[in-house]
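Here our numbering is used: the first residue of the sequence shown is 2, the next is one more, and so on. For every residue, glycine included, the Cβ atom is placed at its ideal position computed from N, Cα and C. I have placed the structure first, in the form of structure tokens, so that the comments after it can refer back to it.
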Amino acid sequence: MSDNQRAGAAKPHGSVSAATVVDAFALARQGGSLQGEVPLSRMTRAIEGLPEQPQGDAGLVRWSVRGEMGKGVVGSSIAADQPLLHLHVEAHPVLICQRCNDPFVFDVDSSTVLQLVKSEDELDDDLSMDTQDPDVVDSLPEKVVGSHRFDLLAQVEDELILSIPFVPKHLVCPGAQAEDGDAQQASATQRPSPFAVLEQLKRKD
Ligand SMILES: [Zn+2]
Numbered sequence: 002m003s004d005n006q007r008a009g010a011a012k013p014h015g016s017v018s019a020a021t022v023v024d025a026f027a028l029a030r031q032g033g034s035l036q037g038e039v040p041l042s043r044m045t046r047a048i049e050g051l052p053e054q055p056q057g058d059a060g061l062v063r064w065s066v067r068g069e070m071g072k073g074v075v076g077s078s079i080a081a082d083q084p085l086l087h088l089h090v091e092a093h094p095v096l097i098c099q100r101c102n103d104p105f106v107f108d109v110d111s112s113t114v115l116q117l118v119k120s121e122d123e124l125d126d127d128l129s130m131d132t133q134d135p136d137v138v139d140s141l142p143e144k145v146v147g148s149h150r151f152d153l154l155a156q157v158e159d160e161l162i163l164s165i166p167f168v169p170k171h172l173v174c175p176g177a178q179a180e181d182g183d184a185q186q187a188s189a190t191q192r193p194s195p196f197a198v199l200e201q202l203k204r205k206d
């Protein structure tokens, strides 16, 4: 309720207790920035199917957003004079390793650029067709429909969802050295060589 009431007045120079529903176009035009924290437990779409997330600091998503008017991409006019939002999302969700079934903390530290368009029709104006250069295409901002009541937290959650691997795995599972009893003792006193670890991974697959 209160979010909707605040929506009319953009607060691009807001503090940590920022409104999370903002006028996205005003934010870009004025080059404003906002930041905040939200518990992972409130990101219900992102944590669906994940184990219980930690409370307190460990379970916080930290985000920041900065508005800018695009100056254009070298070699094309793609983002010139386009309202942009730079979004940064940091979180440490607990995931379940799909190899050993143990929970582990996954670090999300993700930056993205959103290009605000006025309607869904404009999402389809795929200007990336104008260039064949994959480097340029990769550097293009992601288009989203902006609005005067733009839900920043929904964007934060989308970014979080994109950052969480579909099949999460430890880099090296903690139990990987403990397959046969003696190996466990050995690994406690000496680090396995990277080659041994690779060999182990190959055998697992
Ligand atoms: Zn694992």
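Between the options, which has its C-alpha nearest residue i's C-alpha?
i: P104; options: C174, Q31, V145, A25; result: C174
i: S34; options: G71, L86, C101, L41; result: L86
i: L96; options: R30, G68, K170; result: K170
i: H89; options: V157, V168, A20; result: V157
i: A47; options: G37, P94, L28; result: P94
i: P55; options: L141, V39, E69, R100; result: V39
i: L161; options: D122, G60, G147, M44; result: M44
i: L141; options: K119, F167, T113, L153; result: T113
i: L117; options: Q36, C101, E69; result: E69
i: L41; options: R100, D58, A177, A27; result: D58
i: E53; options: V106, G32, E143, L172; result: V106
i: D122; options: K144, L115, N102; result: K144
Taking the continuous alpha helix (DSSP H) assigned at residue i, which residues delimit it?
i: I162; result: 153 to 164
i: D122; result: 121 to 124
i: L41; result: Here L41 belongs to no alpha helix (DSSP H), and DSSP marks it neither H nor E.
In the structure shown, what three-state DSSP assignment does residue i receive?
i: Q99; result: coil
i: D183; result: The predicted position of D183 is uncertain, since its pLDDT is 44 and thus under 50; no value can be drawn from it.
i: D110; result: strand
i: P175; result: helix
i: D58; result: helix
i: A27; result: helix
i: L51; result: coil
When you compare the CB positions of residue i and residue j, do they come within less than 8 Å of one another, or not?
i: A92; j: V66; result: no
i: L124; j: V146; result: yes
i: A25; j: S148; result: yes
i: Q99; j: W64; result: no
i: S164; j: S120; result: no
i: P84; j: R150; result: no
Compute every distance between the C-beta of residue i and the non-hydrogen atoms of ligand 1, then say whether any falls below 7 Å.
i: D108; result: no
i: K170; result: yes
i: D159; result: no
i: D58; result: no
Determine the extent of the beta strand (DSSP E) in which residue i is found, giving its start and end residues.
i: V146; result: 143 to 146
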